[in-house]
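>
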């Protein structure tokens, strides 16, 4: 079965720009690598605000402030078993629709992971 043709670079109209120095802009935020395996990101949309630091050479440490306990638990479990370190802060319009925050964290974290992996 063929997978659907999905535009992975601009799924929900956030402007994404890759530059030579491995800086990625998401919405009004910038993703910049601190080292070959660490990425820092700040992303802001109309619905959400996300700050994160991802270290692929970590020890499974998670520090997070996310207002969705079950989603926070899922991220914590992923980070622990992947032996990454993640420091993340996320806020959004969860009283209207929590999927905005979940989706934007997934987008921001995925871009940080992709960028850190592609720099090796």
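In my numbering, the protein residues as written are 341 to 460. Note that CB positions come from ideal geometry on N, CA and C, so glycine has one too. All of these numbers come straight from a predicted model, not from anything done at the bench.
Within a Cβ cutoff of 6 Å, which residues of the same chain sit near residue 431, ignoring the five residues on either side of it in sequence?
Position 91 of the chain shown, counted from the first residue, corresponds to residue 431. Answer for residue 431: 389, listed in chain order.
> Which residues mark the beginning and the end of the alpha helix (DSSP H) in which residue 445 is found?
Residue numbering aside, residue 445 sits at position 105 when the chain shown is read from its first letter. Segment 439–458, the alpha helix (DSSP H) holding residue 445.
> Between which residues of its own chain and residue 452 is the CB-CB distance below 7 Å, once the five residues before and five after are set aside?
Along the chain shown, read from residue 1 onward, the residue named residue 452 stands at position 112. Within the same chain, residue 452 has close Cβ partners 371, 379, 381, 392 and 394.
> Whole-angstrom Cβ separation of residue 436 and residue 411, contact assumed at under 8 Å?
Translated into positions along the chain shown, residue 436 becomes position 96. Translated into positions along the chain shown, residue 411 becomes position 71. At roughly 16 Å, the Cβ-Cβ gap does not stay under 8 Å, so residue 436 and residue 411 are not in contact.
> From the DSSP output, in three-state form, read off residue 416 for me.
Working through the chain shown from its first residue, we reach residue 416 at position 76. Looking at residue 416 - three-state DSSP - the assignment turns out to be helix.
> Excluding five sequence neighbours on each side, which residues of the same chain lie with their C-beta closer than 7 Å to the C-beta of residue 398?
Residue mapping note: residue 398 aligns to position 58 of the chain shown, counting from 1. Excluding positions up to five away in sequence, the list reads 423, 424 and 425.
> Kindly say whether residue 426, judged by its beta-carbon, lies nearer than 9 Å to any beta-carbon of chain B.
This model lacks chain B altogether, as it is built from one protein chain only.
> Leaving aside the five residues before and after residue 434 along the sequence, list all residues of the same chain whose C-beta is less than 7 Å from its C-beta, in chain order.
To locate residue 434, count along the chain shown from 1; it is residue 94. Cβ neighbours of residue 434 beyond the five flanking positions: 407, 408 and 441.
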